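Student: Mind looking over this structure? Questions follow.
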Amino acid sequence: MELTCRSRSCKTRWKLTGEIDHHRAQALSRELEREVSTRLPGELVLDFSGVTFMDSSGIALVLRASRLMEELGGRLRLESVPGQALRVLKAAGIHRRVELGEE
Amino acid sequence: MKPVNSVKLEFLSRSANEGFARSAAACFAAQMDPTLEELGDLKTAVSEAVTNAIVHGYPEELGKVSLRLRRYEDRTLEIRVQDWGRGIPDVEKAREPMFTTGGEERSGMGFTIMESFMDAVKIRSRPGRGTCVTMRKKLSSRPGGRL
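Chains A and B supply the protein sequences, listed in that same order.
Count the first sequence with our numbering and you get residues 46 to 148, in order.
Count the second sequence with our numbering and you get residues 2 to 148, in order.
And the structure:
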């Protein structure tokens, strides 16, 4: 699994790497749910700095993360989103629904 | 208008082939000297169309997916993705943002992304006969770019 997770108190940072597409979506979604349900973070940071490609499967993953964090009453932030992935998020209007920032 | 160059690929509707299809399209488009942003747009549109064919064309079976790439003299790239699967009963509904019949790994934004990233998207579909998505994008002129 090309995913690393580091938790500091109630903040969890995920570094996503490689290509995010439908082929990997199910595994990533399962991983996301497992990590959030075991760590119960107050803030989840999705670090996109290692993402080399993303299609609309990434939108579904971000929306899933957003719903999970809403249920926890926590916060979701996307960091270091590369140009191509950012264009996909913007085309879907997701950049208006989630917090985006640099590390 | 006759294409300057053309390739046609055929592959099984396995999700592992999504990456293959977009890489193949990027390799073909590279001869047109696209910008990095254009290359990203083309790869994304191909990924969406091929994923739709795999997920919705053949939800429970394996089938054939075809990818045809054509390059024209005026720097237009045409991408056609075709399957012979279940077809889309209501194409207009399928084009609506956030509409999906897929699982929660699908966002329902596939056609919206294709339409945002390409100049034109045409969908032909018949239930039980399959779907054909044809997309066109005119690439920017680049000084010193190859014909």
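From the three backbone atoms N, C-alpha and C, an ideal C-beta is built for every residue, glycine too.
This structure is a prediction, so every number in the text was calculated from the model and none was measured.
Could you tell me which uninterrupted beta strand (DSSP E) segments, each at least 3 residues in length, are contained entirely in the stretch 99-132 of chain A, listed from first to last along the chain?
Tutor: The qualifying runs are 120-124.
Student: Which residue wins for smallest C-alpha separation from R127 (chain B), given the options B:W85, B:A17, B:A25 and B:A50?
Tutor: Checking every option, the nearest Cα to that of R127 (chain B) belongs to B:W85.
Student: Could you tell me whether the stretch 129-144 of chain B touches the stretch 72-86 of chain B, using the rule of 3 or more Cβ pairs below 8 Å?
Tutor: They touch, by the three-pair rule.
Student: Under the rule that 16 or more other beta-carbon atoms within 10 Å means buried, what is R23 (chain B), buried or exposed?
Tutor: With 16 or more other Cβ atoms within 10 Å, it is buried.
Student: What residues in the stretch 100-115 of chain A have a beta carbon less than 7 Å from any beta carbon of chain B?
Tutor: Cβ contacts with chain B come from D100, S101, S102, I104, A105, L108 and R109.
Student: For E11 (chain B), return the contacting residues in chain A, with the cut-off set at a CB-CB distance below 7 Å.
Tutor: Neighbours of E11 (chain B) on chain A: none; closest Cβ ~19 Å, over 7 Å.
Student: Is L63 (chain B) helix, strand or coil when you go by DSSP?
Tutor: Three-state DSSP puts L63 (chain B) in coil, outside helix and strand.
Student: Taking Cβ-Cβ distances shorter than 7 Å, what residues in chain A pair up with T113 (chain B)?
Tutor: Within 7 Å Cβ-Cβ: A136 and A137.
Student: For the alpha helix (DSSP H) containing G41 (chain B), list its first residue and its last residue.
Tutor: Where G41 (chain B) is concerned, the enclosing alpha helix (DSSP H) stretches over L37 to N53.
Student: So F98 (chain A) contacts chain B; which residues on that side make the cut at Cβ distance below 9 Å?
Tutor: Within 9 Å Cβ-Cβ: G20, R23, G41, K44, T45 and S48.
Student: Pairs of beta-carbons, one from the stretch 110-118 of chain A and one from the stretch 30-48 of chain B, closer than 8 Å: are there three or more?
Tutor: No, the stretch 110-118 of chain A does not touch the stretch 30-48 of chain B.
Student: Excluding five sequence neighbours on each side, which residues of the same chain lie with their C-beta closer than 8 Å to the C-beta of E78 (chain A)?
Tutor: Result list for E78 (chain A): R109 and L113, in chain order.
Student: Compute the beta-carbon to beta-carbon distance between H49 (chain B) and S101 (chain A), rounded to the nearest angstrom, for a pair I have assumed lies under 8 Å.
Tutor: Per the sequence shown, the amino acid found at residue 49 (chain B) is Glu instead of His. Indeed they touch by this definition, with Cβ atoms about 6 Å apart.
Student: In the DSSP assignment, find the alpha helix (DSSP H) that holds I114 (chain B) and state where it starts and stops.
Tutor: Segment G111 to F118, the alpha helix (DSSP H) holding I114 (chain B).
Student: Suppose you measure from the CA of I114 (chain B) to the CA of A46 (chain B); what does that come to, to the nearest Å?
Tutor: Going by the C-alpha atoms only, they are around 7 Å apart.
Student: Against F118 (chain B), what residues of chain A qualify as contacts under a CB-to-CB distance less than 9 Å, listed in chain order?
Tutor: Within chain A, the residues near F118 (chain B) are R132, V133 and A136.
Student: Measuring only the C-alpha atoms, how far is Q129 (chain A) from K60 (chain A)?
Tutor: C-alpha separation (whole angstroms): 17 Å.
Student: Which residues of chain B have a Cβ atom closer than 8 Å to the Cβ of G128 (chain A), listed in chain order?
Tutor: Result: L37, E38 and G41.
Student: Quick check: what's the CA-CA separation for M46 (chain A) versus E74 (chain B)?
Tutor: Note that M46 (chain A) scores 42 on pLDDT, short of 50, meaning its location in the model is unreliable and no value can be drawn from it.
Student: Thinking R87 (chain B) and H57 (chain B) are a contact (beta carbons under 8 Å), I'd like their distance in whole angstroms, please.
Tutor: Yes, they are in contact, since the Cβ atoms of R87 (chain B) and H57 (chain B) sit about 7 Å apart, within 8 Å.
Student: Return the bridge partner residues of R96 (chain B) from the DSSP annotation.
Tutor: Answer is none; R96 (chain B) lacks a bridge partner.
Student: Sort B:K3, B:P35 and B:G111 by Cα distance to L140 (chain B) and report the nearest one.
Tutor: Ranking B:K3, B:P35 and B:G111 by Cα distance to L140 (chain B) puts B:P35 first.
Student: Helix, strand or coil for G20 (chain B), going by three-state DSSP, please let me know.
Tutor: Residue state, collapsed to three classes: helix.
Student: When you compare the CB of I80 (chain B) with every CB in chain A, is at least one pair closer than 9 Å?
Tutor: So no, I80 (chain B) is outside the interface.
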